[in-house]
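Numbering (the working numbering), first residue to last: 227 to 727. Even glycine gets a Cβ: it sits at the ideal position worked out from N, Cα and C. Heads up, the thing below is written out as structure tokens.
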């Protein structure tokens, strides 16, 4: 009996150790010991400890140095035997930026660094994670010294051409806990971010790379109203001595039915981010849900496509996927884009999981359309309905037929049904006044279950052309005052309207 008990104990220890090691290096869980101290700092107020000297150069927003539309993936596969091969598969799928390699999990980032060095000539880049779950002295905590030697050492060691920049912080607010073993007091997240960013932006070499922060969505517990969320964004900008170059946020709308179904504040979040992006003259990026976990359903391709194109219609200048590659299954993640054969680049696209090939084609379209939209300015957003799930606070964007002086006069179902199609329209113009004063319409089918057949009436006759995704160019349709379209579920069409002189 004692022998059986001893064997059972040994197997239990091995089991626990295996899980622990897996979580330590492959997910947001690790071996840090957190305290029970609650951070008292209000994320809606500016509480920095130093005087603010604004650096608000209007041209200091981020432009991709490769000339690409940023399409980024959170994480690489857990169980890969060849990191370089996995990177090749991800790049082949249309990903041009990887977010991974938390420096709190050393020496793992060194393995990823080696994989990028072995990758050779490639447009794929790495946004390395400086941010750390545990607010310890690694990320500069409660020090009077303006230079954190730990961070400076990392910046020196990880500064190659394939380093796109550094992920400074994920979701600043008062949710973080301190490491109890360090006996530290809570501090303002935005103040920490400011100190870290200063080390990068004040250096002529580091300044060439992106300092990246991702903000909370509207539904996090720290902002109970839309007005609170606006204050949250304003407080972040006001606390920074160097103007943020990108305004990034995540929003995962696809809850399971038992958890409430599609989030009702999805387009409200996009509305606020779009307005703040225009207010601060900073491009915004959006992270979409591509992996089932916890209360989130496993997204279909159409639901992923719908999220990406909705973001573009609101003016997004970068799209990210959470999660992209198979990982963190032990903690409840159940679906991914890169799901099978994660380290064999010599297979057909169909062998990497059911979502890989369709999302690869989606990324090709997003890249082509995105590069056009990078040069344009969002001037208006229109909804024909509050679909899906009766979206909140978008009344001002709901389309009203035959309103004077509007570009679009009517949107109807071709079938003649007395119901408006579920359409989202992002309207764009060229920021360069010397160029043609054409208008661009990104028309999104918000219904991710059925196609939309619609007729759009314009305020006058235009030369109408439609972007052909296969040919990667605009093709003339007609000179007319009406436009008929069939748009697949969760998809879009990009239309160019040129004034007839």
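* Between residue 222 and residue 527, what straight-line distance do the alpha-carbon atoms span, to the nearest angstrom? -> What the structure shows of the chain is the stretch from 227 to 727, and residue 222 is not part of that stretch, so it cannot be assessed.
* Asked: According to DSSP, is residue 541 helix, strand or coil?
  -> coil
* Would a C-beta distance cut-off of 7 Å place residue 500 and residue 546 closer than the cut-off? -> no
* With a 10 Å radius around its C-beta and 16 neighbouring C-beta atoms as the bar for buried, classify residue 531 as buried or exposed. => buried
* Three-state secondary structure (DSSP) at residue 616? -> coil
* Cβ atoms of residue 549 and residue 300: under 7 Å apart, would you say? -> yes
* Asked: Are the stretch 488-498 and the stretch 446-462 touching, with three or more C-beta to C-beta distances below 8 Å?
  -> yes
* Should residue 672 and residue 715 be called a contact, given that it needs their Cβ atoms to be closer than 7 Å? -> no
* Asked: How many Å lie between residue 516 and residue 534 at the Cα?
  -> 10 Å
* To do: Ignore the nearest five residues each way along the sequence and tell me which others in residue 664's own chain have a CB closer than 8 Å to its CB.
  => 655, 656, 722, 723, 724 and 725
* Asked: What is the C-beta distance between residue 397 and residue 440, in whole angstroms, given that I count them as a contact (C-beta under 8 Å)?
  -> 6 Å
* To do: Tell me where the alpha helix (DSSP H) around residue 697 begins and ends.
  => From DSSP, residue 697 is part of no alpha helix (DSSP H); its letter is neither H nor E.
* Mind checking whether residue 476 and residue 509 have CB atoms under 7 Å apart? -> no
* Roughly how many angstroms separate the alpha carbons of residue 710 and residue 315, rounded to a whole number? -> 38 Å
* Would a C-beta distance cut-off of 7 Å place residue 668 and residue 538 closer than the cut-off? -> yes
* Asked: Near residue 686, which residues of its chain fall below 7 Å by C-beta distance, leaving aside the five closest residues on each side in sequence?
  -> 707
* Distance between residue 607 and residue 623 (C-alpha atoms, nearest Å) -> 6 Å
* To do: Taking 7 Å as the cut-off, decide whether the C-beta atoms of residue 355 and residue 399 are in contact.
  => no
* Please go through the stretch 405-483 and give each complete beta strand (DSSP E) segment of 3 or more residues, from N-terminal end onward. => 436-441 and 473-476
* **Closest Cα partner of residue 518 within the set 395, 529 and 616** => 529
* Measure the CB-CB distance between residue 522 and residue 480 and report whether it falls below 7 Å. => yes
* Asked: Counting pairs of Cβ atoms below 8 Å between the stretch 558-566 and the stretch 596-616, do you hit three or more?
  -> no
* Asked: On the three-state DSSP scale, how would you describe residue 715?
  -> coil
* To do: Reducing DSSP to helix, strand and coil, say where residue 645 ends up.
  => coil
* Under the three-state reduction of DSSP, which class applies to residue 625: helix, strand or coil? -> coil
* Asked: Mapping DSSP to helix, strand and coil, what is residue 391?
  -> strand
* Straight-line Cα distance separating residue 338 from residue 553 -> 16 Å
* With a 10 Å radius around its C-beta and 16 neighbouring C-beta atoms as the bar for buried, classify residue 645 as buried or exposed. => exposed
* Asked: Could you give the distance in angstroms between the alpha-carbon of residue 432 and the alpha-carbon of residue 383?
  -> 12 Å
* **residue 655, DSSP secondary structure in three states** => strand
* Looking at C-alpha atoms only, which residue of 415, 680, 488 and 334 is the closest neighbour of residue 643? -> 680
* Asked: residue 466: buried (16+ other C-beta within 10 angstroms of its C-beta) or exposed?
  -> buried
* Around the Cβ of residue 638, are there at least 16 other Cβ atoms within 10 angstroms (buried) or fewer (exposed)? -> buried
* Asked: What residue ranges within the stretch 283-362 form continuous alpha helix (DSSP H) runs of no fewer than 4 residues, ordered along the chain?
  -> 309-318 and 334-345
* For residue 666, the first and last residue of its enclosing alpha helix (DSSP H) -> Run containing residue 666: none in the alpha helix (DSSP H); it sits in the beta strand (DSSP E), 665-671.
* Grab me the residues of residue 344's own chain with a C-beta within less than 6 Å of its C-beta, minus the 5 sequence neighbours each way, in chain order. => 310
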